[in-house]
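Residue numbers for the sequence shown follow UniProt numbering, beginning at 1 and rising by one.
Reading through the structure tokens given below for one structure.
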Amino acid sequence: MNTPDCSLLAPALAWSAYLRVQTEAHPGLADWLATAAAQPLERVRIEAWLAELAGVEAAALHRQPLAQDICRAALRKLRQRVFLTAMVRDLAGLAPLEEVTGAMTDLADLAVAAAYRSIAAELAETHGVPREAGSDQPQEMLIMGMGKLGGCELNVSSDIDLVMLYGDEGETDGRRPLSHHEFYGRLTRRMMPVLADIDANGYVFRTDLRLRPDGDAGPLAWSLDAFENYLITQGREWERYAWLKARRIRVQAFADSRPQAQAEQLEALRRPFVFRKYFDFDAMRALRGLRERIRDDWNRRTLSRTGQQLPQADNVKLGEGGIREIEFVVQLSQLIRGGRLPALQTRGLIESLHAQRAAGLVDAESARRLEDAYRFLRRLEHALQYQDDQQTHILPRAPEQRAALARALGLADAAEFERQLAGHRDFVEATFRDVFCITGLQGADARPGGTAEPDSAPSDERLSELARQGFGDTAPAALDRVQRLLETPRVRSLPDSSRARLEDLLPAALQAAAGTVNPSVTLGRLCDLFEQIAQRRVYLTLLAEYPQALARVARMIGASEWVAQYLTRHPLLLDSLIDWRALMAPPDFGQIRRQLVEALDACVLPDGTPDIERQMNLMRDTQRQVSFHVLAQDLEGQISVEKVGDYLSLLADLMLEQTIARVWCQAAPDATEPPRFAVIAYGKLGGKELGYESDLDLVFLFDDSDEAHGERYVRLGRRIVSWLNSMTSSGRLYEVDLRLRPDGDAGLVAATVSAFARYQRESAWAWEHQAITRARYAVGDAGVGARFEAIRRDVLLLPRDAGVLAEEVRSMRARIAAGHPNKSGLFDVKHDPGGMVDIEFVTQYLVLLHAREHPPLLENLGNIALLRIAGEAGLISPDLGRRAGDAYRRLRAEQHALRLRGMEKARIAADALPEERAAVIELWRTVLGERG
């Protein structure tokens with residue numbers, strides 16, 4: 001027999017007075033602990049210990065209830081074993097945080113389940129079994145573990161928070177029947193002493209039922225119908241936080257019960273209550289208020305218990321930079337964004353922090369430091385509780401005890417402990433203050449919560465003073481514009497609290513507008529935005545809580561009328577302005593894709609099938625957010641118009657890829673293989689010159705040896721168009737144009753690759769060959785894409801008569817010009833002679849005529865690069881190629897700037913850009929001669 005290694009116990013014995021007392025009082029305990037602590041604390045070991053202590057076979061634990069007296073004694077002895085083993089392994093450096101908190105959670109789950117089975121069996125013997133309505137199915141209680149129990153992260157001396165629910169009302173089937181309400185109420189009342197009473201063997205867990213609806217004033221157990229009604233009519237913001245981690249503890253007292261359906265019904269109530277469909281910034285004020293109430297409650301309790309006010313710094317849980325602040329930082333993001341980003345709907349803190357890092361909501365370094373701080377503080381919390389088996393979070397003040405604590409944590413000395421503690425807490429406190437806007441609130445009326453009292457709306461005098469600071473002579477007009485906003489029907493109908501919130505924003509809005517190039521224009525656009533979002537208080541809250549976001553909104557909409565309209569249509573994007581550093585970083589499309597795929601996969605209905613509406617809205621929201629990311633950098637001059645086109649085209653490719661992935665199962669529910677189907681991009685998407693509101697010119701190709709599968713690919717094409725084109729509550733994803741497919745509107749939605757090749761060789765018009773110069777394989781089956789690229793190459797290599805081709809190109813150019821008449825006296829940078837279309841047609845002509853002799857022209861490189869190649873090949877002079885390329889870049893930039901200013905047509909002064917227009921006209925004449 002191996003001798004136990006009692007050296008494992010040394011760190012724990014040196015620190016824990018409780019362990020020393022227990023080993024002295026129980027001979028043999030030290031040897032037992034040394035053996036037990038050599039192996040990880042896993043659920044199967046804890047279950048085996050419970051069976052041993054109860055005197056039953058392990059397999060019988062889940063089949064038959066324990067007598068109440070046996071259950072009570074066994075659970076208390078089990079708690080002692082788990083607590084002491086966790087302590088020894090933890091302080092010896094053998095157990096990571098997840099093992100300790102996981103073991104305590106497993107202990108709680110097993111204890112609740114055992115107590116439930118024991119009491120339910122006693123009650124059922126007298127009163128019978130509760131059954132689901134409309135069936136003979138036994139009905140189990142739905143026991144919800146809240147807080148750290150729900151998150152599977154209990155500390156070693158934690159209370160457990162429970163909420164007791166049940167499915168249907170009814171009556172038990174025994175000789176002395178009870179209503180279900182009474183049965184489950186009695187069950188709850190009798191369970192609590194089994195877990196919480198202190199006797200000669202100690203206790204299992206202190207239990208708390210106050211998180212149930214109506215708290216201590218409400219029934220001990222609630223039916224799902226009553227619970228749903230409560231959430232709808234009375235559910236409060238802090239209860240959303242309470243239910244964030246809520247997890248059903250799996251219990252079973254009755255044979256053949258199947259609680260899954262009622263569990264799914266409960267989850268269908270919990271999720272939308274906790275995670276709102278929109279970004280929810282009211283959660284910030286609620287969490288900040290909850291934090292203050294928790295602190296105040298702790299201060300009152302410590303004052304009444306000790307007669308003195310303990311410093312906040314002594315509390316590693318509730319003090320500045322403590323555990324609770326880490327929890328609030330992570331859970332705020334979940335509450336605000338979880339409804340829109342299902343990947344954030346996790347229960348464990350570390351898991352949620354990792355999800356937020358993956359989603360780009362927190363940078364990798366900050367996530368690492370928060371996780372390091374959390375692990376350090378939780379291990380410190382456990383060490384404090386190991387000392388006397390007390391639920392404490394208070395640091396010792398005596399230097400010798402601080403030094404002993406440092407040794408217990410395996411640190412070199414007290415100085416190292418203080419250094420690490422201060423470093424973690426300083427970072428957490430700074431992060432918390434930044435996230436919750438504890439500092440930087442503006443205005444004389446600012447206070448925790450960021451709002452003014454409804455009766456403290458700014459006076460006309462204050463508005464005038466702020467207006468004079470930046471508006472000058474336009475101050476009266478500015479005040480008039482604000483007054484007109486307040487008198488609009490939409491604002492007049494607001495509840496008092498929402499109107500007060502809006503009025504509180506107005507001084508800051510005036511200041512923000514005053515800092516822009518054209519304050520009056522900016523203020524008008526801000527007022528338009530406020531009017532549109534006034535009924536959606538969450539956005540007013542965002543701008544009130546984040547004054548820097550309001551300043552950025554003013555700057556952006558002051559620079560662009562189109563942006564103002566875009567933000568007004570999609571106020572969801574206001575959230576993006578909070579983290580300006582992230583908004584100015586290049587978009588990481590790998591991360592965006594991973595986040596989108598995870599979120600789409602998480603959009604499921606209770607029966608496990610995809611929630612199509614949520615998926616469609618999620619893709620639209622993601623497309624808007626990434627586009628806005630690009631737009632913000634565009635307006636700040638961080639990226640060129642070419643880079644804008646690259647980013648937006650990458651984004652469209654991603655949306656197309658995921659659309660295929662989501663609709664294939666609808667188009668071909670019996671398919672077992674991925675579709676042999678590809679999307680071919682033409683036009684702006686094909687040339688990677690997509691704009692913020694560009695249509696997608698697409699062609700769908702497939703290649704399947706089974707001819708009977710043709711109809712499924714046609715259905716797939718139609719589903720893709722519907723997915724992209726449909727108007728949902730989040731808007732439309734993209735307008736789609738399929739007219740470039742073979743035979744145009746008369747052709748099939750999806751064509752075989754061979755039919756496409758035959759059409760291009762035998763039937764396509766010259767303009768269709770012009771169009772294919774800018775086409776590319778975008779997404780879908782790579783083999784089909786490769787076949788398209790080969791067809792495109794063959795088409796571009798066809799021999800052509802220069803005169804015939806030139807006449808066809810000139811004819812098509814004339815038709816396009818006739819379709820865009822310009823009688824304004826201005827120059828249309830796209831359609832007029834000397835504009836962008838001229839360059840595009842010349843480039844297409846050069847590719848179609850000369851690609852046989854000059855293969856570099858085959859590549860879809862864009863007009864500027866192709867003109868440079870043409871110059872190097874001697875098809876035009878290098879100087880003309882350079883000047884025409886520069887002109888195209890300038891014309892695109894002008895068109896882009898005009899669109900951002902809200903101009904429907906890209907037209908400028910008739911005498912503008914003379915050098916650029918001259919270069920384009922020279923290019924046309926050199927290559928195609930005079931216009932017909």
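Ideal placement from N, C-alpha and C gives every residue a C-beta, glycine not left out.
Would you check if the distance between the CB atom of residue i and the CB atom of residue j is smaller than 9 Å?
i: A383; j: L341; result: no
i: Q625; j: W580; result: no
i: G321; j: E429; result: yes
i: Q623; j: M655; result: yes
i: R291; j: E264; result: no
i: G731; j: R620; result: yes
i: L523; j: V553; result: no
i: L550; j: A512; result: yes
i: A358; j: A343; result: yes
i: M812; j: L891; result: no
i: T659; j: L733; result: yes
i: F275; j: E239; result: no
Apply the 10 Å Cβ neighbour rule to residue i and answer buried if 16 or more other Cβ atoms are within range, or exposed otherwise.
i: C665; result: exposed
i: residue 935; result: Since the first residue of the chain shown is 1 and the last is 932, residue 935 is not available in this structure.
i: I198; result: exposed
i: A246; result: buried
i: S16; result: buried
i: K317; result: buried
i: S333; result: buried
i: R81; result: buried
i: E153; result: buried
i: W222; result: buried
i: T843; result: buried
i: L463; result: Since pLDDT at L463 reaches only 48, below the 50 mark, its modelled position is unreliable, and the value read off the structure follows with that caveat. So L463 counts as buried.
i: M584; result: exposed
i: P669; result: exposed
i: G440; result: Caution is warranted here: a pLDDT of 33 is assigned to G440, below 50, making its placement in the model unreliable, and the coordinate value is therefore given only provisionally. It counts as exposed.
i: S754; result: exposed
Residues in the same chain with beta-carbon distance under 6 Å from residue i, minus the five sequence neighbours each way, listed in chain order, please.
i: A790; result: none
i: R741; result: V699, G747
i: E453; result: With a pLDDT of only 35 at E453, under 50, the local geometry of the prediction cannot be trusted, and no value is derived from it.
i: I323; result: K317, L377
i: R787; result: V753
For residue i, name the three-state secondary structure that DSSP assigns.
i: V927; result: helix
i: G28; result: coil
i: W222; result: strand
i: A750; result: strand
i: R176; result: coil
i: F530; result: helix
i: I249; result: strand
i: N860; result: coil
i: G686; result: helix
i: T126; result: helix
i: D621; result: helix
i: P610; result: strand
i: G321; result: coil
Closer than 8 Å by C-beta to residue i: which residues in its own chain qualify, once you throw out the five before and the five after it? Chain order, please.
i: P914; result: none
i: L13; result: L19, R20, T23
i: A802; result: L849
Regarding residue i and the ligand SAM, is the C-beta to nearest heavy atom distance less than 8 Å?
i: L583; result: As for the ligand SAM, it is missing from this structure, which has no ligand bound.
Could you name the residues of the same chain whose beta carbon sits closer than 7 Å to that of residue i, not counting the 5 residues immediately before and after it, in chain order?
i: S459; result: With a pLDDT of 48 at S459, under the threshold of 50, the predicted position of this residue should be treated as unreliable, and no value is reported.
i: K148; result: L154, N155, S158
Would residue i pass as an interface residue toward chain B - the criterion being a Cβ-Cβ separation below 9 Å?
i: A355; result: As a matter of chain content, chain B is missing from the structure shown, which is built from one protein chain.
Three CB pairs or more closer than 8 Å across the segment 197-211 and the segment 130-142
Because the criterion of three Cβ pairs below 8 Å is not met, the segment 197-211 and the segment 130-142 do not touch.
Between the segment 500-507 and the segment 531-543, do three or more beta carbon pairs fall short of 8 Å?
Counting C-beta pairs closer than 8 Å gives three or more between the segment 500-507 and the segment 531-543, which meets the contact rule.
The segment 638-652 / the segment 677-694 touching (three or more Cβ pairs under 8 Å)
The segment 638-652 is in contact with the segment 677-694.
Take every Cβ of the segment 247-257, pair it with every Cβ of the segment 189-208, and state whether three or more of those distances are shorter than 8 Å.
A contact between stretches requires three or more CB pairs, one per stretch, nearer than 8 Å, and the segment 247-257 fails this requirement with the segment 189-208.
Does the segment 170-178 come into contact with the segment 43-54, if we say contact requires no fewer than three beta-carbon pairs (one atom in each stretch) closer than 8 Å?
Result no; under three Cβ-Cβ pairs closer than 8 Å.
Just checking, does the segment 118-131 make contact with the segment 183-191 on the three C-beta pairs under 8 Å criterion?
A contact exists between the segment 118-131 and the segment 183-191.
Evaluate the contact criterion for the segment 676-686 versus the segment 769-777: three or more CB pairs, one atom per stretch, below 8 Å.
Segments in contact, yes.
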